[in-house]
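K.L.:
I'd like to ask some things about the structure below.
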Amino acid sequence: MKHASYIALAFWITCSVFVFAQTTATAEADKHESQTTTQLYLERCGNNFEILSDTMGVNFPPYITKAMVHIRNNWYNLIPAVARAPLMKQGKVSIEFNILRNGSVSEMKIAEPSGDTSLDRAAWAGITTSSPFSPLPNEFSGSSIRLLAHFYYNPGALVGICPSKNVVVKAGTSQLFVPQLTKAAGIKWAVSGSGCVGEVCGTISRNGLYTAPLTIPNPAFVNVSATLESDSTKTQSVKVTILGVQDCSGGDRQ
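Be aware that the sequence shown starts at 5, since it is given in our numbering, and climbs by one per residue.
See the structure below:
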């Protein structure tokens, strides 16, 4: 479509993992993180969507990617003039919605508006004009699947982090975060919190693997942030809630 090249989509995301062989232990850890990154990308971070509900072990990305192609094509036709050349307005719209068993859409809501009504409406209509989709996979026993779709208008290199919503990590366990990029770029990770400092907030590796502390901070959440090494003004952050781990007596071990 004319002007389509001007719209930078999250379908062009590059998720890069850099492995440095320093010691055997480090190399093995990096290998594990690389495999985990691939698994997360396939299961949770399929291009410009995130799966918010339980997939019940079903491989949903092929189904959802097909649905997103329809959304993308319809969205292209609806992108307002303000986001095309020469204005090239930037913006991001995130929309939550359910796909029901018969492929119809329900319970849509704008999770993150762009600040421009015309951009929000185009993204919204990209979904509604694509419904109904194909019925959900036969092997899926649930009544619906809930998605978070991101629409990016002319973004910079770093456009987000996946997962970005409803992130919960048990004390002492880990969660991998994947930077969503429109082109290859170096990322610097950091963790901070209003009730903790330094490693008391947990730790995060250069590949985005966050490990929560054994002692839960108060308040029990931290912010994981990704920043472009080449431009410190380009940064994204995700709120992470830390839960206690149940011990054998049924209480929380903190």
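All residues carry an ideal CB built from backbone N, CA and C; glycine is no exception.
Here the structure is a predicted model, which means the values were calculated and not measured.
Using DSSP with H/G/I as helix, E/B as strand and the rest coil, what is Leu162?
P.N.:
Strand, per DSSP.
K.L.:
Opposite Gly95 in the DSSP bridges: which residues?
P.N.:
According to DSSP, Gly95 bridges with Tyr157.
K.L.:
Can you name the start and end residues of the alpha helix (DSSP H) that Ala224 belongs to?
P.N.:
No alpha helix (DSSP H) contains Ala224, which DSSP labels as neither H nor E.
K.L.:
What does DSSP give as the partner residue(s) for Arg150 in the beta ladder?
P.N.:
According to DSSP, Arg150 bridges with Asn102.
K.L.:
So what does Pro183 bridge to, in DSSP terms?
P.N.:
Answer by DSSP bridge pairing, in chain order: Ile165.
K.L.:
Residues bridged to Glu54 by DSSP?
P.N.:
DSSP lists Leu152 as partners of Glu54.
K.L.:
On the criterion of 16 or more Cβ atoms from any shown chain inside 10 Å, does Glu233 qualify as buried, or is it exposed?
P.N.:
Exposed is the call here.
K.L.:
What does the Cβ neighbour count give for Thr132, buried or exposed, with the cut at 16 atoms within 10 Å?
P.N.:
Under this definition Thr132 is an exposed residue.
K.L.:
Terminal residues of the continuous alpha helix (DSSP H) containing Met72?
P.N.:
Here the alpha helix (DSSP H) through Met72 covers 65–82.
K.L.:
If you compare alpha carbons, which of Asn158, Ser147, Lys113 is closest to Lys187?
P.N.:
The shortest C-alpha separation from Lys187 is found at Asn158.
K.L.:
What number of angstroms, rounded off, separates the C-alpha of Thr239 from the C-alpha of Pro167?
P.N.:
Thr239 and Pro167: Cα-Cα distance of roughly 15 Å.
K.L.:
Thinking just about the alpha-carbon of each residue, which of Ile191, Thr245, Tyr156 is nearest to the one in Gly95?
P.N.:
When only C-alpha atoms are compared, the closest one is Tyr156.
K.L.:
Between Thr27 and Ala87, what straight-line distance do the alpha-carbon atoms span, to the nearest angstrom?
P.N.:
Only weak support is given to the placement of Thr27: the predicted model assigns it a pLDDT of 31, under 50, and the question is left unresolved by the model.
K.L.:
Between which two residues does the alpha helix (DSSP H) containing Ser122 stretch?
P.N.:
121–132 is the extent of the alpha helix (DSSP H) around Ser122.
K.L.:
Of the choices Trp79, Asp58, Ile191, whose alpha-carbon is the least far from that of Gly130?
P.N.:
Measuring from the Cα of Gly130, the nearest candidate turns out to be Trp79.
K.L.:
Give the straight-line distance between the Cα atoms of Gly190 and Gly212, rounded to the nearest whole angstrom.
P.N.:
About 12 Å.
K.L.:
CB-CB under 7 Å to Pro141, same chain, minus the five flanking residues each way: which ones, in chain order?
P.N.:
The residues are Val62, Tyr67.
K.L.:
Cutting at 6 Å between CB atoms, please list the residues of its own chain near Thr207, excluding the five before and the five after it.
P.N.:
The residues are Thr215.
K.L.:
For His74, collect the residues of the same chain with a Cβ closer than 6 Å to its Cβ; drop the 5 residues on either side in sequence, then sort them by chain order.
P.N.:
So the qualifying residues of the chain are Ser134.
K.L.:
Report yes if the CB atom of Val182 is closer than 9 Å to the CB atom of Thr245, and no otherwise.
P.N.:
For Val182 and Thr245, no; Cβs fall outside 9 Å.
K.L.:
Out of Ser236, Ser196, Asp235, which has the shortest C-alpha to C-alpha gap to Pro223?
P.N.:
When only C-alpha atoms are compared, the closest one is Ser196.
K.L.:
Count the other C-beta atoms from every protein chain shown that fall within 10 angstroms of the C-beta of Met60, then say buried if there are 16 or more, exposed otherwise.
P.N.:
By the neighbour-count rule (16 or more Cβ atoms within 10 Å), Met60 is not buried but exposed.
K.L.:
Which residues mark the beginning and the end of the beta strand (DSSP E) in which Ala115 is found?
P.N.:
Segment 109–116, the beta strand (DSSP E) holding Ala115.
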